[in-house]
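Each residue of the sequence shown is one higher than the one before, starting from 100 at the first, in my numbering.
First comes the structure, then the notes that go with it.
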Amino acid sequence: MKKIALLFILLASVATSYAQQTEYDGTRIGVKFNVGLSTLEGLDDGRTDHLPGTDIATSGFSVHNRFAASLGINVQHTWDTQAFLQADVDAALMGARLKGVYFEDYDGNRSNVNYINMYSGRLTLYAGKKFKLDEYNNRRFIVGFGPYFSYDSSDERIFHEYSEDWTIFEKMPDAMKLKSSIYAGEEINFRKFDVGASLMVGVELKHFQITANMYWGFLNMVKNESNTVNNRMYTIGVAYFLPMD
């Protein structure tokens, strides 16, 4: 009987030890990839004859969501209460998709400007709470909120995708229709620095974190314009935290 009792105590101790090891408290470092959509809210308010922040002509232009993504590292510290702090440092591709914006060169050739591209470095700081979804804490619901700070490192203003196959132009009766992009930067009077808020909601499965992330910029991204233009980005993110044992 004593042997059975001792064996039971031993097994209980091992199980308790295992449960404590899977609490995932303390500090963890990981890598994270986000993919989703972004836009510049308010850029087409008023429908002016030029793209706000630039001298590029427009024709009843409109602004739409574009593909967005980011890649970076995150550092998370979780307390016994399951309160946590998390810092995400990433490089982000964001901006907006345009319709009705065109650029004319000195020879009178017109090309459509399809995208505003912003290549930004970003720091996001989350404070939040985890909620256990199983007894071993291997699955957790997570919610966090906090500020972000970003800096747009884009330099180039206009990028043309010229084709080496000149036969395609023979099929175009009017001006050449080339795809172009405009890069946000000081040259076009866009702000490089932005401050905003971010909400993160999702689950953690052992070392993985799967979240929906929403970013709302607070600063007006164009200067000396009647428009108020704010960054918006909505993504799904997957992070992997490295084992710290």
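Ideal Cβ placement from N, Cα and C applies to all residues, glycine included.
- Query: Closest by CA to N237, which one among E303, P151, F248, N326?
  - Reply: Per the Cα distances, E303.
Going along the chain, which residues of its own chain have a beta-carbon closer than 8 angstroms to the beta-carbon of S297, five neighbours each way excluded?
Excluding its 5 nearest sequence neighbours in each direction, S297 has C-beta neighbours in its own chain below 8 angstroms: T223, Y225, F244, G245, P246, Y247, N312, M313, Y314, W315, listed in chain order.
| said: Applying the 10 Å Cβ sphere with the 16-neighbour rule, what's the burial state of K131? | reply: By the 10 Å Cβ count, K131 comes out buried.
(message) For a test of the three-state rule: what should DSSP assign to F317, helix, strand or coil?
(response) F317 falls in the coil class under three-state DSSP.
Cutting at 7 angstroms between CB atoms, please list the residues of its own chain near M217, excluding the five before and the five after it.
So the qualifying residues of the chain are M193, G194, D251, S253, A283.
Output needed for T126: all residues of its chain with C-beta closer than 6 angstroms, excluding positions within five of it in sequence on either side, in chain order.
For T126, where only same-chain residues beyond five positions count, the Cβ hits under 6 angstroms are H176.
Practice prompt. Identify which residue in T153, L150, D189 has its Cα closest to the Cα of L167.
Written response: It is Ala, not Leu, that sits at residue 167 in the sequence shown. Checked all of T153, L150, D189; the closest Cα to A167 is D189.
>> Following a CB-centred definition, is L222 positioned closer than 7 angstroms to any heavy atom of the ligand ADP?
In response: Looking at this structure, you won't find the ligand ADP or any other ligand, since it has none at all.
Grab me the residues of S161's own chain with a C-beta within less than 7 angstroms of its C-beta, minus the 5 sequence neighbours each way, in chain order. If we look at S161 and ignore the five residues flanking it on each side, its Cβ neighbours are D143, K198, G199.
Looking at the unbroken beta strand (DSSP E) that takes in L139, where does it start and where does it end? Secondary structure note for L139: its beta strand (DSSP E) is the uninterrupted segment 125–140.
Item to complete: Please go through the same chain and pick out, in chain order, the residues whose beta-carbon is closer than 7 angstroms to the beta-carbon of H149, but skip the five residues on each side of it.
Response: So the list reads I155, A156, T157, once near-sequence residues are dropped.
Quiz item: If we ignore side chains and look at the alpha-carbon of each, how far apart do N211 and F183 end up?
Solution: Rounded to the nearest angstrom, the two C-alpha atoms are 47 angstroms apart.
Open item on the list: Give me, in chain order, the residues of the same chain whose beta-carbon lies closer than 6 angstroms to that of M152; leave out the 5 immediate sequence neighbours on both sides.
Closed with: Before going on, a small fix: residue 152 reads as Gly here, not Met. Counting only Cβ-Cβ distances below 6 angstroms, and skipping sequence neighbours, we find I287, N288, F289, V321.
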